[in-house]
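Mapping the first sequence onto full-length UniProt numbering, position 46 (from 1) lands on 46, and the numbers just tick up by one.
Glycine is no exception: its CB is placed at the ideal position from the N, C-alpha and C atoms.
Since this is a predicted model, take the numbers as computed values, not measurements.
Please read the structure below before turning to the comments.
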Amino acid sequence: MRLDNMLLAEGVSGPEKGGGAAAAAAAAAASGGSSDNSIEHSDYRAKLSQIRQIYHTELEKYEQACNEFTTHVMNLLREQSRTRPISPKEIERMVGIIHRKFSSIQMQLKQSTCEAVMILRSRFLDARRKRRNFSKQATEILNEYFYSHLSNPYPSEEAKEELAKKCSITVSQVSNWFGNKRIRYKKNIGKFQEEANLYAAKTAVNAAHAVAAAVQNNQTSSPTTPNSGSSGSFNLPNSGDMYMNMQSLNGDSYQGAQVGANVQSQVDTLRHVINQTGGYSDALGGNSLYSPHHLNANGGWHDAPTPSSVTSPTEGPGSVNSDTSN
DNA sequence: TCTTATGATTTCAT
DNA sequence: ATGAAATCATAAGA
């Protein structure tokens, strides 16, 4: 019975049609994650359906053989009945013996099928374990997101889906990537400085434009107009003014209703670039200018600035930007 | 071949 | 359920 259950679960002995899918789902569930790893997946499915087919043809063959054999024996008995009396009990007994024999053969078939499935399964899992690096493009996209959301690198479910689609990987892979990235970034920020610069600079121009646009949009209602004169090329001035602008933008003084959360990520990027260029002279030192201000005292991101903190009118003294006042 | 990078898995805490 | 942290296993580079 265990074998039956197992075969059923694997979709080998189940209903004709959905077998493959059921098995695939079972495999995915067993490996703890949605794994639409297309190539290996279809491969697995193909192999499984192959096993399934063999199983069913064998089963049919046995059944047929069983029937043939019983009729054969019945005929024999009938013939013998001419020479000696044969009770129905005896016939029944014979049939029973035959059926038992065949069912034990069937059991063997089931067993070996199970074995085959198990082997296939373990191979499949092994294959899944075999790590393949993501494409350059995919890591690019992921890194861009990560560094432009450095203050809160926790993509929402939707964002993950979006990223997954863009990178043509699965959502759980995106989650894995962010999990790994966060932990590794936090562990050794110095090591990631260069990369951070790269991606920050990469999106800086866009960010600058976006921020400029946002500022422009809100200028009418804004009392203190940020000097957005240099909206052109974002030529990284010697930190000062621009940085102050950013700070006020990000902090409490400027909280344009529309700008808030949407701009947050852009601000991250800009702030980063500015910080970097500002403290470039002795960069990568133990205490470079760019400290992970989005990490809290225990090195966690979790009470880092959320969009709500941007919108909140007053922030406590230990605000996000407090560390930048060198 | 050794080292580092990186994706995946496991374990634990919340 | 989700994330942090540790760990595993392989890819890639030296």
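key: alpha helix (DSSP H) segment containing residue 143, residue limits   = As a first step, residue 143 is located in the first sequence; it is residue number 143 there, counting from the start. Per DSSP, residue 143 belongs to the alpha helix (DSSP H) from 136 to 148.
key: Residue of 1, 5 and 197 minimising C-alpha distance to residue 150   = The sequence position of residue 150 within the first sequence is 150, counting from 1. Looking at the Cα atoms, 197 is the closest of the given residues.
query = If we ignore side chains and look at the alpha-carbon of each, how far apart do residue 165 and residue 11 end up?
reply = Looking up residue 165 in the first sequence gives position 165. Looking up residue 11 in the first sequence gives position 11. Between residue 165 and residue 11, the C-alpha separation is close to 29 Å.
ask   = With a CB to CB cut of under 7 Å and the five nearest residues on each side skipped, what residues in its chain are close to residue 145?
value = Within the first sequence, numbered from 1, the residue matching residue 145 stands at position 145. For residue 145, where only same-chain residues beyond five positions count, the Cβ hits under 7 Å are 155 and 163.
key: Cβ shell of residue 141 (< 8 Å), same chain only, five flanking positions each side left out   = The residue given as residue 141 occupies position 141 in the first sequence. These residues qualify, in order along the chain: 163, 166 and 167.
query = Roughly how many angstroms lie between the CA atoms of residue 98 and residue 47, to the nearest whole one?
reply = Position 98 of the first sequence, counted from the start, is the residue given in the question as residue 98. Position 47 of the first sequence, counted from the start, is the residue given in the question as residue 47. Distance between the alpha carbons of residue 98 and residue 47: 33 Å.
request  = Apply the 10 Å Cβ neighbour rule to residue 1 and answer buried if 16 or more other Cβ atoms are within range, or exposed otherwise.
outcome  = By 1-based counting over the first sequence, the position of residue 1 is 1. Result: exposed.
key: Three CB pairs or more closer than 8 Å across the region 76 to 94 and the region 48 to 59   = no
key: Span of the alpha helix (DSSP H), counted from its first residue to its last, around residue 187   = By 1-based counting over the first sequence, the position of residue 187 is 187. Run containing residue 187: 171 to 187, per the alpha helix (DSSP H) assignment.
query = Is DSSP giving residue 202 helix, strand or coil here?
reply = Counting from one through the first sequence, the residue named residue 202 turns up at place 202. Correct three-state label for residue 202: helix.
query = Rounded to a whole number of angstroms, what is the C-alpha to C-alpha distance between residue 159 and residue 171?
reply = Here residue 159 corresponds to residue number 159 of the first sequence, with the count starting at 1. Here residue 171 corresponds to residue number 171 of the first sequence, with the count starting at 1. Approximately 9 Å between the Cα atoms of the pair.
ask   = Considering only residues of the same chain and omitting the five flanking positions on each side of residue 70, which have a CB-CB separation below 7 Å?
value = Taking the first sequence and counting its residues from 1, one reaches residue 70 at position 70. Within the same chain, residue 70 has close Cβ partners 95 and 98.
Proximity winner among 169, 153 and 65, relative to residue 102 (alpha-carbon distances) = Numbered from its first residue, the first sequence carries residue 102 at position 102. Checking every option, the nearest Cα to that of residue 102 belongs to 65.
key: Buried versus exposed, by CB contacts within 10 Å (16 or more), residue 57   = For this step, residue 57 is matched to residue 57 along the first sequence. Looking at its Cβ environment, which holds fewer than 16 other Cβ atoms inside 10 Å, residue 57 is exposed.
message = Tell me the residue span of the alpha helix (DSSP H) that contains residue 166.
response = Along the first sequence, read from residue 1 onward, the residue named residue 166 stands at position 166. Its alpha helix (DSSP H) spans residues 157 to 167.
task = Would you mind sorting residue 173 into buried or exposed? The rule is 16 or more other CB atoms within 10 Å of its CB.
result = The count along the first sequence starts at 1 and reaches residue 173 at position 173. With 16 or more Cβ atoms within 10 Å of its Cβ, residue 173 is classed as buried.
key: Residue nearest to residue 5 in terms of C-alpha spacing, selected from 200, 75 and 111   = Residue mapping note: residue 5 aligns to position 5 of the first sequence, counting from 1. When each option's Cα is compared against that of residue 5, the closest is 111.
Which of helix, strand or coil DSSP assigns to residue 12 = The count along the first sequence starts at 1 and reaches residue 12 at position 12. Of the three classes helix, strand and coil, the one that applies to residue 12 here is coil, per DSSP.
key: Rounded straight-line distance, which links the Cα of residue 7 to that of residue 161   = In the first sequence, counting from the first residue as 1, residue 161 sits at position 161. In the first sequence, counting from the first residue as 1, residue 7 sits at position 7. For residue 161 and residue 7, the distance between alpha carbons rounds to 34 Å.
request  = Look at residue 143 and residue 199 and say whether their C-beta atoms are less than 7 Å apart.
outcome  = Position 143 of the first sequence, counted from the start, is the residue given in the question as residue 143. Position 199 of the first sequence, counted from the start, is the residue given in the question as residue 199. Result yes, Cβ atoms of residue 143 and residue 199 sit closer than 7 Å.
task = Have a look at residue 130 and residue 76 and give me their C-alpha separation to the nearest angstrom.
result = Translated into the one-based positions of the first sequence, residue 130 becomes position 130. Translated into the one-based positions of the first sequence, residue 76 becomes position 76. Going by the C-alpha atoms only, they are around 60 Å apart.
query = So, is residue 85 buried or exposed, given that buried needs 16 or more other C-beta atoms within 10 angstroms?
reply = Locating residue 85 in the first sequence gives position 85, where the first residue counts as 1. With fewer than 16 Cβ atoms within 10 Å of its Cβ, residue 85 is classed as exposed.
task = Tell whether a beta-carbon distance below 7 Å holds between residue 62 and residue 106.
result = For the purposes of this step, residue 62 is taken as the residue at position 62 of the first sequence. For the purposes of this step, residue 106 is taken as the residue at position 106 of the first sequence. Going by C-beta atoms, residue 62 is nearer than 7 Å to residue 106.
For residue 301 and residue 138, the rounded distance between their alpha carbons = The residue given as residue 138 occupies position 138 in the first sequence. The residue given as residue 301 occupies position 301 in the first sequence. Looking at the two C-alpha atoms, the distance is approximately 24 Å.
Rounded straight-line distance, which links the Cα of residue 92 to that of residue 73 = Position 73 of the first sequence, counted from the start, is the residue given in the question as residue 73. Position 92 of the first sequence, counted from the start, is the residue given in the question as residue 92. Cα to Cα, the separation comes out at about 11 Å.
query = Given a threshold of 16 other Cβ atoms within 10 Å of its Cβ, counted over all protein chains shown, does residue 13 qualify as buried or as exposed?
reply = Taking the first residue of the first sequence as position 1, residue 13 is located at position 13. Under this definition residue 13 is a buried residue.
task = Spatial neighbours of residue 179 within its chain, please: CB distance less than 7 Å, with the 5 preceding and 5 following residues excluded, ordered by chain position.
result = Your numbering for residue 179 matches position 179 in the first sequence. If we look at residue 179 and ignore the five residues flanking it on each side, it has no Cβ neighbours.
ask   = When we look at the beta-carbon of residue 183 and count the other beta-carbons within 10 Å, is it buried (16 or more) or exposed?
value = Within the first sequence, the letter at position 183 stands for residue 183. Burial call: exposed.
Sequence-distant residues of its chain with Cβ nearer than 7 Å to residue 169 (five each side left out) = Within the first sequence, numbered from 1, the residue matching residue 169 stands at position 169. So the qualifying residues of the chain are 134 and 138.
key: Residues near residue 202 in its chain [Cβ-Cβ closer than 6 Å; skip 5 each side]   = Here residue 202 corresponds to residue number 202 of the first sequence, with the count starting at 1. Excluding residues within five positions, none has a Cβ falling inside 6 Å.
request  = Whole angstroms is fine: what's the gap from residue 136's alpha carbon to residue 193's?
outcome  = On the first sequence, position 136 is the one that residue 136 refers to. On the first sequence, position 193 is the one that residue 193 refers to. Each residue's Cα considered, the two are about 19 Å apart.
task = Would you kindly work out how many angstroms separate the C-alpha atoms of residue 90 and residue 59, rounded to a whole number?
result = Here the question's residue 90 lines up with position 90 in the first sequence. Here the question's residue 59 lines up with position 59 in the first sequence. Going from the Cα of residue 90 to the Cα of residue 59 covers about 27 Å.
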